[in-house]
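K.L.:
Mapping the sequence shown onto full-length UniProt numbering, position 38 (from 1) lands on 38, and the numbers just tick up by one.
Even glycine gets a Cβ: it sits at the ideal position worked out from N, Cα and C.
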Amino acid sequence: MSPSMSPFNSTAMKRAKTGRGRPIQQGEEKAMARRPDDEYDYLFKVVLIGDSGVGKSNLLSRFTRNEFCLESKSTIGVEFATRTLQVEGRTVKAQIWDTAGQERYRAITSAYYRGALGAILVYDTTKQTTFENVSRWLKELRDHADANIVIMLIGNKTDLKHLRAVATEDAQVFAEKEGLSFVETSALEATNVEKSFQTILSEIYRIISKKSLSSNEPAPSGIKEGKTLVVGPQETNTKKACCSS
């Protein structure tokens, strides 16, 4: 990705002060107050990647709506959902993107990664092949995303203990080698799902804060700075019902 297109560069940081590329006009604050979903300090785009069937859509629905769909179908194309929450005392709107893991949908790759500040790479702890394919997904991510993107590796479906095929230690070694954070989750049991998203959002926030302080600039592209409104952790908005994902 060209440095000028990076969501972390200073030019983009200037454009993002209001989230709309222009100053807030007189009277707009009152209008914004009537639309709580617009009241946030930062907007972070995070993408979910990994093979089809590893549970990306259920991780998305568990985090954004606290729902799990046993009959969840493979995602067709791209969907996203949002959740507004507190990260280190600031109001963050997390925009989580989920894409189909099938090869025939790879044409959407560039647009999918554009503007992403974080990526969650998911494999299925019961299927060795999905873990072996992590390297390919990581290469694609690094080829198309910003060089500073925060990456987390997730081993999902830990509730299926009797079917485990990928040792925790193997994933830890891979994550350390590649400089990724790592956690195992169960979207079904809601184990570590909240922790995972909070961790990656907090890391993004720390990077954004350091860059803003060091350059004395506003936040990066995709970041909106405005009036802070404390929003409950379960405020959500989604573009697709869980059982159709």
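Tell me whether the region 121–137 and the region 51–66 touch, counting them as touching only if at least three CB pairs, one residue from each stretch, are closer than 8 Å.
P.N.:
As far as the Cβ criterion goes, the region 121–137 touches the region 51–66, which means the pair count is three or higher.
K.L.:
Which residues mark the beginning and the end of the alpha helix (DSSP H) in which Arg-62 is found?
P.N.:
As a position in the sequence shown, residue 62 is number 62, starting the count at 1. Unbroken alpha helix (DSSP H) run through Arg-62: 56–65.
K.L.:
Quick one: Cα of Ala-119 to Cα of Ala-167, how far?
P.N.:
Here residue 119 refers to the residue found at position 119 when the sequence shown is read from its first residue. Here residue 167 refers to the residue found at position 167 when the sequence shown is read from its first residue. One C-alpha to the other measures close to 22 Å.
K.L.:
Report the option in Thr-199, Val-122, Asn-148 whose CA atom is closest to the CA atom of Arg-136.
P.N.:
Stepping through the sequence shown from its first residue, residue 136 is reached at position 136. Among Thr-199, Val-122, Asn-148, the Cα nearest to that of Arg-136 is on Val-122.
K.L.:
Just curious, the beta strand (DSSP E) that Asp-98 is in, first and last residue?
P.N.:
Taking the first residue of the sequence shown as position 1, residue 98 is located at position 98. Start and end: 90–99.
K.L.:
Where Val-46 and Ala-116 are concerned, what is the direct C-alpha to C-alpha distance, given to the nearest angstrom?
P.N.:
Numbered from its first residue, the sequence shown carries residue 46 at position 46. Numbered from its first residue, the sequence shown carries residue 116 at position 116. In a straight line, the C-alpha of Val-46 is about 6 Å away from that of Ala-116.
K.L.:
Could you give the C-beta distance for Phe-44 and Gln-95, rounded to a whole number, given that I count them as a contact under 8 Å?
P.N.:
Along the sequence shown, one-based indexing puts residue 44 at 44. Along the sequence shown, one-based indexing puts residue 95 at 95. 7 Å between Cβ atoms; contact.
K.L.:
For Glu-189, does the three-state DSSP call read helix, strand or coil?
P.N.:
Position 189 of the sequence shown, counted from the first residue, corresponds to residue 189. DSSP places Glu-189 in coil when its eight states are reduced to three.
K.L.:
Does the distance from the CB of Gln-172 to the CB of Phe-182 come in under 7 Å?
P.N.:
Sequence index remark: in the sequence shown, residue 172 carries index 172 (1-based). Sequence index remark: in the sequence shown, residue 182 carries index 182 (1-based). Contact flag set, yes.
K.L.:
Please look up how many angstroms separate the CB atoms of Asn-148 and Thr-125, rounded, as I've assumed it's under 8 Å.
P.N.:
Your numbering for residue 148 matches position 148 in the sequence shown. Your numbering for residue 125 matches position 125 in the sequence shown. Contact flag wrong, Cβ pair sits at about 29 Å.
K.L.:
Please state the DSSP three-state secondary structure of Asp-51.
P.N.:
Working through the sequence shown from its first residue, we reach residue 51 at position 51. In this structure, Asp-51 counts as coil in the three-state DSSP scheme.
K.L.:
Go ahead and label Ala-111 buried or exposed: buried means 16 or more other beta carbons lie within 10 angstroms of its beta carbon, across all protein chains shown.
P.N.:
Sequence index remark: in the sequence shown, residue 111 carries index 111 (1-based). Exposed is the call here.
K.L.:
Count the other C-beta atoms from every protein chain shown that fall within 10 angstroms of the C-beta of Gly-55, then say buried if there are 16 or more, exposed otherwise.
P.N.:
Along the sequence shown, read from residue 1 onward, the residue named residue 55 stands at position 55. Label assigned to Gly-55: buried.
K.L.:
Tell me where the alpha helix (DSSP H) around Ala-171 begins and ends.
P.N.:
Taking the sequence shown and counting its residues from 1, the one referred to as residue 171 is at position 171. 168–178 is the span of the alpha helix (DSSP H), which, as asked, contains Ala-171.
K.L.:
Is it buried or exposed for Glu-184, if we count other Cβ within 10 angstroms and need 16 for buried?
P.N.:
Working through the sequence shown from its first residue, we reach residue 184 at position 184. That one is buried.
K.L.:
Would you grab the beta carbon distance between Ile-151 and Leu-141 for me? Rounded to a whole angstrom, and I think it's under 8 Å.
P.N.:
As a first step, residue 151 is located in the sequence shown; it is residue number 151 there, counting from the start. As a first step, residue 141 is located in the sequence shown; it is residue number 141 there, counting from the start. Between Leu-141 and Ile-151 the Cβ distance is about 7 Å, and since that is below 8 Å, they are a contact.
K.L.:
Just to confirm, is the Cβ distance from Glu-189 to Asp-159 under 7 Å?
P.N.:
Counted from its first residue, the sequence shown places residue 189 at position 189. Counted from its first residue, the sequence shown places residue 159 at position 159. Result yes, Cβ atoms of Glu-189 and Asp-159 sit closer than 7 Å.
K.L.:
Let me check understanding here. Comparing Cα to Cα, which of Lys-161, Glu-203, Ala-81 lies closest to Trp-97?
P.N.:
Within the sequence shown, the letter at position 97 stands for residue 97. Comparing Cα-Cα distances from Trp-97 to each of Lys-161, Glu-203, Ala-81, the minimum goes to Ala-81.
K.L.:
If you count every other CB in all the chains shown that lies within 10 Å of the CB of Lys-93, and 16 or more means buried, which is it?
P.N.:
Start at 1 with the first residue of the sequence shown, and residue 93 comes out as number 93. By the 10 Å Cβ count, Lys-93 comes out buried.
K.L.:
Out of curiosity, what's the CA-to-CA distance linking Lys-239 and Leu-60?
P.N.:
Numbered from 1 along the sequence shown, position 239 holds the residue referred to as residue 239. Numbered from 1 along the sequence shown, position 60 holds the residue referred to as residue 60. With a pLDDT of only 44 at Lys-239, under 50, the local geometry of the prediction cannot be trusted, and the value read off the model is given with reservation. Approximately 11 Å, taken between the alpha carbons.
K.L.:
Could you tell me if Ala-165 is buried or exposed, where buried requires 16 or more neighbouring beta carbons within 10 angstroms of its beta carbon?
P.N.:
On the sequence shown, residue 165 is found 165 positions in, with the first residue counted as 1. So Ala-165 ends up on the exposed side.
K.L.:
Can you give me the Cβ contacts of Ala-187 inside the same chain, cut-off strictly under 7 Å, excluding the 5 residues immediately before and after it?
P.N.:
Residue 187 sits at position 187 when you count from the first residue of the sequence shown. So the qualifying residues of the chain are Gly-55, Asn-58, Leu-59, Arg-62, Phe-68, Asn-156, Val-193.
K.L.:
What separation, rounded to the nearest whole angstrom, lies between the Cα atoms of Ile-204 and Leu-163?
P.N.:
To locate residue 204, count along the sequence shown from 1; it is residue 204. To locate residue 163, count along the sequence shown from 1; it is residue 163. Using only the alpha carbons, I get a separation of about 34 Å.
K.L.:
Cα-Cα, which of Val-78, Tyr-42, Arg-114 is closest to Thr-84?
P.N.:
Stepping through the sequence shown from its first residue, residue 84 is reached at position 84. Of the candidates Val-78, Tyr-42, Arg-114, the one whose C-alpha sits nearest the C-alpha of Thr-84 is Tyr-42.
K.L.:
Quick one: residues in its chain with C-beta nearer than 7 Å to the C-beta of Ser-202, no 5 flanking neighbours on either side, listed in chain order?
P.N.:
Sequence index remark: in the sequence shown, residue 202 carries index 202 (1-based). Val-87, Glu-88.
K.L.:
DSSP beta-bridge partners for Asn-156?
P.N.:
The residue given as residue 156 occupies position 156 in the sequence shown. The partner list for Asn-156 (beta bridge, DSSP) reads Asp-124.
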